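Okay, so the sequence shown: first residue is 1 according to full-length UniProt numbering, each after it adds one.
Glycine included, each C-beta is placed from N, C-alpha and C at the ideal position.
Only a predicted model underlies this, so the values are computations on that prediction, with no experimental measurement involved.
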Amino acid sequence: MSLRPSPPARPLPGPDSQPRRFLVKLTTIASALALVAAGALVSGAAEARDRIQVVGSSTVFPFTTAVAERFGQKFGKAPIVESTGTGGGMKLFCAGVGANTPDASNASRRITQSEFDTCKKNGATPIEVKVGFDGIVLANSKKSREIDITLEQLYLALAAEIPGADGKLVKNPNEKWSDVAPNLPNQKIEVLGPPPTSGTRDAFNEMAMEGGCKSVQKRLGIKIDNKRCMQIRADGAYIEAGENDNIIVQKLDSNPNAFGIFGYSFLEENQDKIQGAKVNGIEDSVDNIASGKYPLSRSLYVYIKKEHLGVIPGLQDFINEYVSEAAFGEDGYLEKKGLVPLPKADREAVAKAARAATGMAGL
């Protein structure tokens, strides 16, 4: 029997071998699938719904609702607008991208650094649109007398703690407005206002509570921590009335002794029932709010999610409608709702950036 030599052993797969090329191909396919999946996070929104969803501030709610109605008349399928409060709206807005997140959020104050950081971490790029001005008012029923109050008096009426005779903080002892100042009503302090999730509450804390606290510190020559300045009393004098400002208006109409805190637009819409107080002697008029003369003036915003443009049908058209002169311009339909327009040059700059969909790179 002849012995045949054994066939030579096959070499181990090298860099140019078929198995290696196969693995490379698999890796390439996997990478491509990963990219498709990442894109689906956004594109899935279009497949899941075809109506724009907006959340956020109760103050900006009536303005955005008016724009949504006009958009619906022009393009069909008006956007769904929900009043969740500024803080609640930004939390939903910055949660990420896709069908389960809103396309826009109304805000009665500017986005905070922590909110922006959350948006960035979750892949959401806000487009900031400053839509106009508003004033925070302290209003009461027209059945009662109109008052003139200072920021310092507001702080002394509503702060959880105020300086005592020795300058040290004590639990607020003021039960009646007249305990704060003799020119104020001789009646129980009862104020209906927004909860902590509201941008109106944030703005009121910063402008009224902190502003009044600074006045007290200067007068007494003392120092108070800002957080304690903005802590509102929880003994029943201040009542959190939720995010629906219309409910506050209704309660003021039925209770002449109560006061309410909300945006100027709600005062404008209900002038037959309620009246606004002067603050530091300044009336809450359109001119005073636009000029910043009124002490409780603020800017209002709408934030649009850049990643949803071109994915959610009509989102860019919705932005364009909002920044049209017919909407947020002088004599526009939003001014008739109580929005105080930006100066013309500012409106033009805001509209140009909004139409270009310029996303925020930072604060």
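For this session: Name, in chain order, the residues that DSSP records as bridge partners for glycine 260.
Result: Ala139 and Leu192
For this session: Decide if glycine 276 is buried, meaning its Cβ has at least 16 other Cβ atoms within 10 Å, or exposed.
Result: buried
Exercise. From leucine 184 to alanine 356, what distance separates their C-alpha atoms?
Worked result: 51 Å
Exercise. Taking DSSP as the reference, what is the three-state secondary structure of valine 81?
Worked result: strand
For this session: Compute the Euclidean distance between the alpha carbons of glutamate 348 and glutamate 330, then round it to the nearest angstrom.
Result: 12 Å
Exercise. In the structure shown, what three-state DSSP assignment does arginine 298 receive?
Worked result: strand
For this session: Take the Cβ of leucine 339 as the centre, count every other Cβ of all protein chains shown within 10 Å, and call the residue buried at 16 or more, exposed below.
Result: buried
For this session: Rounded to whole angstroms, what's the CA-CA distance from threonine 358 to aspartate 166? Just pull it up for me.
Result: 53 Å
Problem set entry | Residue nearest to lysine 214 in terms of C-alpha spacing, selected from Glu152, Phe259 and Gln316 | Glu152
For this session: Determine, using beta-carbon pairs with one atom in the stretch 291–305 and one in the stretch 218–228, whether at least three such pairs fall under 8 Å.
Result: no
Problem set entry | Best match in Arg228, Asp179 and Met207 for proximity to leucine 169 [C-alpha to C-alpha] | Arg228
For this session: Would you tell me roughly how many angstroms separate the C-alpha atoms of glycine 96 and leucine 309, rounded to the nearest one?
Result: 14 Å
For this session: Let me know the beta strand (DSSP E) ranges lying completely inside the stretch 298–339, each 3 residues or longer, listed in chain order.
Result: none
Exercise. Does DSSP put proline 62 in a helix, in a strand, or in coil?
Worked result: helix
Problem set entry | For asparagine 106, the residue or residues it bridges with in DSSP | Gly56 and Val302
Exercise. Sorted by chain position, which residues of the same chain lie with C-beta nearer than 6 Å to valine 137's C-beta, five sequence neighbours on each side aside?
Worked result: Tyr264, Leu267, Gly276 and Asp284
For this session: Return the Cβ separation of phenylalanine 259 and valine 191 in integer angstroms, given the expectation that the two are a contact with Cβ distance under 8 Å.
Result: 5 Å
Exercise. Should leucine 154 and glycine 212 be called a contact, given that it needs their Cβ atoms to be closer than 7 Å?
Worked result: yes
Problem set entry | Length of the line joining the Cα atoms of glycine 89 and alanine 107 | 8 Å
Exercise. In chain order, what residues of the same chain lie with their CB nearer than 6 Å to the CB of glycine 332, ignoring the 5 residues before and after it?
Worked result: Ala326
Exercise. Excluding sequence positions up to five away, which residues of its chain have a Cβ less than 8 Å from the Cβ of glutamine 217?
Worked result: Lys223 and Ile224
Problem set entry | For glutamate 240, the residue or residues it bridges with in DSSP | Gly193
For this session: Ignore the nearest five residues each way along the sequence and tell me which others in glutamate 69's own chain have a CB closer than 8 Å to its CB.
Result: Ala78
Exercise. Taking DSSP as the reference, what is the three-state secondary structure of glycine 362?
Worked result: coil
Exercise. Apart from the five residues just before and just after glutamate 321, which ones in its own chain have a Cβ nearer than 8 Å to its Cβ?
Worked result: Val67, Arg70, Phe71, Lys74 and Ala327
Problem set entry | Ordered list of alpha helix (DSSP H) runs contained in the stretch 151–216, each at least 4 residues | 151–158, 177–180 and 199–204
Exercise. Beta strand (DSSP E) containing glutamine 275: first to last residue?
Worked result: 274–276
Exercise. Is DSSP giving aspartate 225 helix, strand or coil here?
Worked result: coil
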